[in-house]
Amino acid sequence: EDQVTQSPEALRLQEGESSSLNCSYTVSGLRGLFWYRQDPGKGPEFLFTLYSAGEEKEKERLKATLTKKESFLHITAPKPEDSATYLCAVQDDYKLSFGAGTTVTVRA
Amino acid sequence: DAGITQSPRHKVTETGTPVTLRCHQTENHRYMYWYRQDPGHGLRLIHYSYGVKDTDKGEVSDGYSVSRSKTEDFLLTLESATSSQTSVYFCAISPDRAKQFFGPGTRLTVL
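These protein sequence lines are chains A and B, in that order.
For any residue, its number in our numbering is found by taking its place in the first sequence, counting from 1, and adding 330.
For any residue, its number in our numbering is found by taking its place in the second sequence, counting from 1, and adding 44.
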C-alpha cells in the first residue's frame with residue numbers, strides 16, 4: 331500500500347526565513363510526485379510534478395526536488411502570501427495518494 | 045482555473061437522508077474523481093471515473109455511489125447519510141490520469 335508522510339505538520343516562519351518541507355513516500359512504482367498548495371476553504375492548486383530522482387522544479391520562491399525516497403519543497407525568503415497548506419501526492423497507476431499536508435504560516 | 049464547479053457548496057442534512065453532490069466540468073477531461081478531506085487524513089479517494097458510465101471504487105467507497113452519464117457531469121450519492129460522512133468533498137478532473145485539477149469543494153454536515 332502506498333504511503334506518503336509529510337513533515338512537519340505545521341511550520342511557522344518569519345518573513346524572509348527560508349525553510350524546507352519534507353515528503354517521504356513508499357510506492358511500488360512511482361509514476362509521478364505532485365505538490366499542491368491549498369488555501370483555507372479552497373481546493374488544492376497544482377504546483378509541480380516530478381518524475382525521476384534528481385529532478386528539480388521551480389516557481390517563484392518555491393523549489394521542489396526529488397530523491398528515490400523523498401521530496402523536498404524549499405521555500406526561499408517566504409512572504410506572508412506563501413502561507414498555506416502544502417500537499418504532497420504520489421501517483422500509482424490511476425490514483426494519487428496524498429499526505430496529510432504541512433501548514434505553513436509566514437509572519438510579516 | 046480549470047473549469048470545475050461543484051454544487052451545492054454547503055449542505056446540512058440529517059442522518060438517514062439521501063444526498064447527491066454534483067461535479068461539472070467544461071474541460072472535456074476524461075478522468076474525474078471524488079475525494080473527501082478530513083483533518084489528519086489528507087485527501088482520500090472515494091470513487092473515480094475513466095469515461096462515461098465507467099467508474100470504479102477508491103479506498104473509502106463504502107456508503108457512496110457514483111454515476112457519470114455525460115462527460116461533463118460526475119455525481120456522488122450518499123444513499124443514507126451518516127455522521128461519519130460529515131466532511132469536505134472535492135471533485136477533481138484530469139486529462140491523463142496524472143496531474144489533477146480540483147474543484148472548490150462542498151462542505152457537508154450530517155446531523
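The beta-carbon is built from N, C-alpha and C at its ideal position, and this holds for glycine as well.
Beta-carbon neighbours of residue i, restricted to chain A and to distances below 7 Å
| i | result |
| --- | --- |
| H85/B | A430 |
| P148/B | K372, G373 |
Beta-carbon proximity of residue i to residue j, cut-off 8 Å
| i | j | result |
| --- | --- | --- |
| V104/B | A125/B | no |
| T379/A | K143/B | yes |
| G431/A | F146/B | no |
| G305/A | G86/B | One cannot answer for residue 305/A here, as it falls past the ends of chain A, which runs 331 to 438. |
| L119/B | Y108/B | no |
| R391/A | D412/A | yes |
| C285/A | E400/A | Since the displayed chain A opens at 331 and closes at 438, residue 285/A lies outside it and no answer follows. |
| G102/B | E71/B | no |
Cross-chain neighbours of residue i in chain B, by beta carbon under 9 Å
| i | result |
| --- | --- |
| Q472/A | What the structure shows of chain A is the stretch from 331 to 438, and residue 472/A is not part of that stretch, so it cannot be assessed. |
| L417/A | G86, L87 |
Beta-bridge pairing of residue i - partner residues as DSSP gives them
| i | result |
| --- | --- |
| H404/A | S350/A, K393/A |
| V132/B | Q81/B, R151/B |
| R342/A | T435/A |
| K387/A | A394/A |
| H73/B | In the DSSP output, where bridge partners are listed per residue, H73/B has none listed. |
| R66/B | S51/B, L119/B |
| G362/A | Q421/A |
Span of the beta strand (DSSP E) around residue i
| i | result |
| --- | --- |
| S111/B | 108 to 114 |
| S337/A | 333 to 337 |
| E411/A | Per DSSP, E411/A belongs to no beta strand (DSSP E) and is neither H nor E. |
| Y175/B | Outside the shown range of chain B (45 to 155) lies residue 175/B, about which nothing can therefore be said. |
Per-residue contacts from residue i into chain A (C-beta, under 8 Å)
| i | result |
| --- | --- |
| G102/B | K425 |
| F118/B | Those do not exist, as F118/B stays about 15 Å from chain A at its closest Cβ, beyond 8 Å. |
Residues that residue i contacts on chain A, provided the C-beta gap is smaller than 9 Å
| i | result |
| --- | --- |
| A142/B | R361, G362, F364, T379, Q421, L426 |
| Y92/B | Y424, K425 |
Distance cut-off 7 Å: residue i Cβ against heavy atoms of the ligand ATP
| i | result |
| --- | --- |
| L426/A | Ligands displayed in this structure: none; no statement on the ligand ATP is therefore possible. |
Neighbour list for residue i in chain B, Cβ cutoff strictly below 7 Å
| i | result |
| --- | --- |
| F376/A | K143, F145 |
Could you check whether the stretch 56 to 73 of chain B touches the stretch 132 to 144 of chain B, counting it as contact only if at least three pairs of C-beta atoms, one from each stretch, sit closer than 8 Å? yes
Please confirm if the stretch 333 to 352 of chain A is in contact with the stretch 415 to 424 of chain A, defined as three or more CB-CB distances below 8 Å between the two stretches. yes
Tell me, please, whether the stretch 72 to 83 of chain B touches the stretch 51 to 62 of chain B by the rule of three or more beta-carbon pairs shorter than 8 Å. no
Touch test, the stretch 92 to 107 of chain B against the stretch 401 to 412 of chain A, Cβ-Cβ under 8 Å, three pairs minimum: no
Is the stretch 359 to 366 of chain A close to the stretch 419 to 427 of chain A, with three or more CB pairs under 8 Å? yes
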